[in-house]
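Residue numbers (our numbering), protein chains in the order written: chain A, 1294 to 1654; chain B, 160 to 434.
All residues carry an ideal CB built from backbone N, CA and C; glycine is no exception.
Keep in mind it's a predicted model, so treat the numbers as computed, not measured.
Read the structure below first, then the notes.
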Amino acid sequence: MAGLSLNSVKKRFGETEVIRGVDLDVKDGEFVVFVGPSGCGKSTLLRMIAGLETTSEGRIEIGGRDVTGEDPARRGIAMVFQTYALYPHMTVATNMGFPLEMAKRPKDEIERKVREAAKILHLEQYLERKPRELSGGQRQRVAIGRAIVRQPGVFLFDEPLSNLDAELRVQMRIEIARLHQDLGTTMVYVTHDQVEAMTLADKIVVLRAGRIEQVGAPLELYENPDNAFVAGFIGSPRMNFVPATVKSAQRDTAVVSAPGAGLPELAVTTRGAPPKVGTEVSLGIRPEHFVAASGATAALAGKVTLVERLGGVAYAHAQLDDGSAITVESRDAHEFSAGMMGRFGPDPRRAYLFDTEGNRI
Amino acid sequence: MKRSWRQATALLGGLAATALIIGLPFWWVVTGSIKLPREIIQRQPTMIPHSFTTQHFEKLLQASDFPIYLLNSLVVALFSTAFTVLLALPAAYAFFRMEFPGRNTLYRTILLAYAFPGVVVLIPLYGLFARVGLIDSPVALVIVNVALALPFSIWMMRSFLATIPREIEEAAVVDGAPTTTILVRILMPLIAPGIASVAIFAFISSWTEYLFASVLIVSDAKRTIPVGFAGIIGQYQIDWGLLLAGATAAIVPVVALFALVGRWFVSGLTEGAVK
Chain A
1294 MAGLSLNSVK KRFGETEVIR GVDLDVKDGE FVVFVGPSGC GKSTLLRMIA
1344 GLETTSEGRI EIGGRDVTGE DPARRGIAMV FQTYALYPHM TVATNMGFPL
1394 EMAKRPKDEI ERKVREAAKI LHLEQYLERK PRELSGGQRQ RVAIGRAIVR
1444 QPGVFLFDEP LSNLDAELRV QMRIEIARLH QDLGTTMVYV THDQVEAMTL
1494 ADKIVVLRAG RIEQVGAPLE LYENPDNAFV AGFIGSPRMN FVPATVKSAQ
1544 RDTAVVSAPG AGLPELAVTT RGAPPKVGTE VSLGIRPEHF VAASGATAAL
1594 AGKVTLVERL GGVAYAHAQL DDGSAITVES RDAHEFSAGM MGRFGPDPRR
1644 AYLFDTEGNR I
Chain B
160 MKRSWRQATA LLGGLAATAL IIGLPFWWVV TGSIKLPREI IQRQPTMIPH
210 SFTTQHFEKL LQASDFPIYL LNSLVVALFS TAFTVLLALP AAYAFFRMEF
260 PGRNTLYRTI LLAYAFPGVV VLIPLYGLFA RVGLIDSPVA LVIVNVALAL
310 PFSIWMMRSF LATIPREIEE AAVVDGAPTT TILVRILMPL IAPGIASVAI
360 FAFISSWTEY LFASVLIVSD AKRTIPVGFA GIIGQYQIDW GLLLAGATAA
410 IVPVVALFAL VGRWFVSGLT EGAVK
């Protein structure tokens, strides 16, 4: 087991800087998830930790040891790839035992460790099969098994579930969580699926354009985002943003209004000193943080364009009078219908303000 | 995909015509080798032999130098094939995966070398081999055959390597496998069809090579089949029966090679590796 630390890590491909100075500390045994949109550098960062990409600048430490220039095999890591990357001509047992074979471990030790890993992953009856004779979920378990037998200090997962169907993904997600509980090893996991991020992570790292936007526990990021990007990225459906103007301000509260969207005024708690009166801001409200318009102090007004009914919950997509689009969650599947004019009451206690640069106010 | 009967007929017709065009010369050679000499040269050719004899084969094996030519050809072709495969594989891997200055230029240059007709380099090569004392040696033929087959073999092998997902190699790197182990234990089994294709290509290229074999080999006892056969065609007389029997016997090693390596031509070797 080992912690992981990244110090001012940068990666350049020619002139293009894809990782622009990342600092991160991962404690021993922690489950850290890298999330971010496509091209944000999350997979590159993971590959740099693995040693599959060179580090242009900065230092990577695993278990307190500088491994920046070290070969992947000597870093004390094991990696599970998105595409499983099994050796198709070898049996499950040979696949799983391959890293130990490369480490020149004795045959009986390899056999024992493969059997132990197979037991953990319920693969005992498939040990003599070839990967093509297994289902997607079983193949991914073999890939995880190949990682387990090495007893690495850090497990690296590169979008390991994205090739699986929805049902298997849920099942494997639970298995990975259980594995982390049982092994207690440090795990770094890359995904673009925020459900995976929220459910698995002790700590989420949100990346954008090669930089860390925010690091924190899942609920911390959800409840206390540093900026509009994190606020929009964490939570599904994403947070709504409505342009508004500060009408009045006192201590840690700003009263904003969005007349174009039908909102006369809404008092929102700010992080620090509220901005000056007249400042243009962005009002952020999550779809699940609307209250019934009748009981709301103020409401946005607009036309419902589409309603998605998922059974227990429905999402109404509406166009506000000022042209901005919002999504509103409703527990009553029949509260909204397409074409109706609606009033949507934001919960002021769970509303956020962002400046024009997207920083949280 | 479901085909209409018209499409099916056209397809079958096309396949039959192609098979006929390819198969007819073989049929002619093989059946001719068991016909009596007078039937071979008779005015009205016979597609189905009316006579049967093994006299041409007997003559071929007992009274001609064919067994020596066959052995020479086999030795040259097998060594040429082995060296071509052994060199093409690491070269293709280096061009495919390793990064070094001038990689693309070198790769293109190698392909360009393939574009030169053999006759252009014949005289310089003769001079070169004469200087190192390799004239009249099968070693010279192996060197030439390997050099001629390599550019295309590297190109072909590289294309096969490109079909292997990169993650498989990366997984092996993380697992601690050195480059040679990755090449031998992981990649070679996965590109077995590619290795088989290159082997067949190199073998046939060497088996049928005439130009260099006719110039670089001087003594009769060291000739290969194509050159040795040329001697059967005399100025005033051609022993057609012997020639056809020789041609039939010369096909056998190629057919045997196809039968041997044909089992490697199976698709989907990487199935289950990724996805």
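Local conformation of residue i per DSSP, three classes
i                 : result
Arg202 (chain B)  : coil
Gly390 (chain B)  : coil
Ala1627 (chain A) : Before going further, note that residue 1627 (chain A) is His rather than Ala in the sequence given. In the structure shown, His1627 (chain A) sits in coil (DSSP, three-state: anything other than H, G, I, E or B).
Lys161 (chain B)  : coil
Val1539 (chain A) : strand
Gln1433 (chain A) : helix
Gly1296 (chain A) : coil
Val1325 (chain A) : strand
Arg1283 (chain A) : Residue 1283 (chain A) lies beyond the stretch modelled for chain A, which goes from 1294 to 1654, so this question has no answer here.
Gly405 (chain B)  : helix
Pro1511 (chain A) : helix
Phe1637 (chain A) : strand
Glu1601 (chain A) : strand
Lys218 (chain B)  : helix
Tyr252 (chain B)  : helix
Lys434 (chain B)  : With a pLDDT of only 49 at Lys434 (chain B), under the threshold of 50, the placement of this residue in the model should not be trusted, and no figure is reported.
Ser426 (chain B)  : Caution applies to Ser426 (chain B), whose pLDDT of 48 falls short of 50 and renders its modelled position unreliable; the value that the coordinates give is listed next. Note: Ser426 (chain B) maps to coil in three-state DSSP.
Interface flag, residue i vs chain B, CB-CB below 9 angstroms
i                 : result
Arg1443 (chain A) : yes
Glu1308 (chain A) : no
Arg1367 (chain A) : yes
Ala1551 (chain A) : no
Asp1364 (chain A) : yes
Arg1531 (chain A) : no
Gly1560 (chain A) : It should be noted that the sequence gives Ala, not Gly, for residue 1560 (chain A). No, because no Cβ of chain B sits closer than 9 angstroms to the Cβ of Ala1560 (chain A).
Ala1436 (chain A) : yes
Arg1439 (chain A) : yes
Cβ separation of residue i and residue j, assumed to be a contact under 8 angstroms, to the nearest whole Å
i                 : j                 : result
Gln1375 (chain A) : Glu1489 (chain A) : Wrong, their Cβ atoms sit about 13 angstroms apart, outside the cutoff.
Arg1653 (chain A) : Pro1518 (chain A) : 6 angstroms
Gly1651 (chain A) : Ala1521 (chain A) : 4 angstroms
Leu1493 (chain A) : Val1326 (chain A) : 6 angstroms
Ser223 (chain B)  : Leu401 (chain B)  : 7 angstroms
Ser356 (chain B)  : Ala308 (chain B)  : Not a contact, Cβ separation roughly 12 angstroms.
Val1535 (chain A) : Leu1599 (chain A) : In fact, because the Cβ distance is near 18 angstroms, the residues do not count as touching under 8 angstroms.
Ile219 (chain B)  : Phe211 (chain B)  : For the sequence presented, residue 219 (chain B) should be read as Leu rather than Ile. The Cβ separation is near 16 angstroms, so there is no contact.
Gly1334 (chain A) : Ala1295 (chain A) : Gly1334 (chain A) to Ala1295 (chain A), Cβ: 23 angstroms. No contact.
Val1549 (chain A) : Val1561 (chain A) : 6 angstroms
Gln1487 (chain A) : Val1328 (chain A) : 6 angstroms
Val335 (chain B)  : Pro1445 (chain A) : For clarity, residue 335 (chain B) is Gly in the given sequence; the question names Val instead. That pair is no contact at about 11 angstroms.
Gly1632 (chain A) : Ala1611 (chain A) : Going by Cβ atoms, the distance from Gly1632 (chain A) to Ala1611 (chain A) rounds to 11 angstroms, so no, they are not a contact pair.
Ala236 (chain B)  : Trp366 (chain B)  : 5 angstroms
Met1341 (chain A) : Leu1449 (chain A) : About 10 angstroms separates the two Cβ atoms, so there is no contact after all.
Val1319 (chain A) : Thr1479 (chain A) : 6 angstroms
Leu1512 (chain A) : Thr1563 (chain A) : 21 angstroms between Cβ atoms; not a contact.
Ala321 (chain B)  : Leu375 (chain B)  : With a Cβ gap of about 36 angstroms, Ala321 (chain B) and Leu375 (chain B) do not count as contacting.
Ile341 (chain B)  : Glu326 (chain B)  : At roughly 12 angstroms, the Cβ-Cβ gap does not stay under 8 angstroms, so Ile341 (chain B) and Glu326 (chain B) are not in contact.
Proximal residues of chain A, C-beta to C-beta of residue i below 7 angstroms
i                : result
Ile345 (chain B) : Tyr1380
Ala336 (chain B) : Met1395
Any C-beta of chain A under 9 angstroms from that of residue i
i                : result
Thr340 (chain B) : yes
Lys434 (chain B) : Any answer about Lys434 (chain B) is weak, because its pLDDT of 49 lies below 50 and its placement is not dependable; what the coordinates show is given next. At least one chain A Cβ lies under 9 angstroms of Lys434 (chain B).
Gly427 (chain B) : Confidence in Gly427 (chain B) is poor, its pLDDT being 43 and thus under 50, which makes the residue's placement too unreliable to answer from.
8 angstroms Cβ cut-off: residues of chain A touching residue i
i                : result
Pro348 (chain B) : His1382
Pro324 (chain B) : Thr1376 and Ala1378
Listed by chain order, chain B residues near residue i by CB distance under 9 angstroms
i                 : result
Leu1345 (chain A) : Glu329, Val332 and Val333
Ala1371 (chain A) : Val333 and Asp334
Residue i: contacting residues in chain B (beta-carbon distance under 8 angstroms)
i                 : result
Phe1391 (chain A) : Ala331, Asp334 and Ala336
Whole alpha helix (DSSP H) elements within the stretch 314-362 of chain B, 4-residue minimum: 325-333
Which runs of the beta strand (DSSP E) fall wholly inside the stretch 1439-1495 of chain A and span at least 3 residues, in chain order? 1447-1451 and 1479-1483
Which runs of the alpha helix (DSSP H) spanning at least 4 residues fall entirely within the stretch 1515-1586 of chain A, listed in chain order? 1521-1526
Every unbroken beta strand (DSSP E) within the stretch 1356-1423 of chain A, with a cutoff of 3 residues, ordered by chain: 1370-1373
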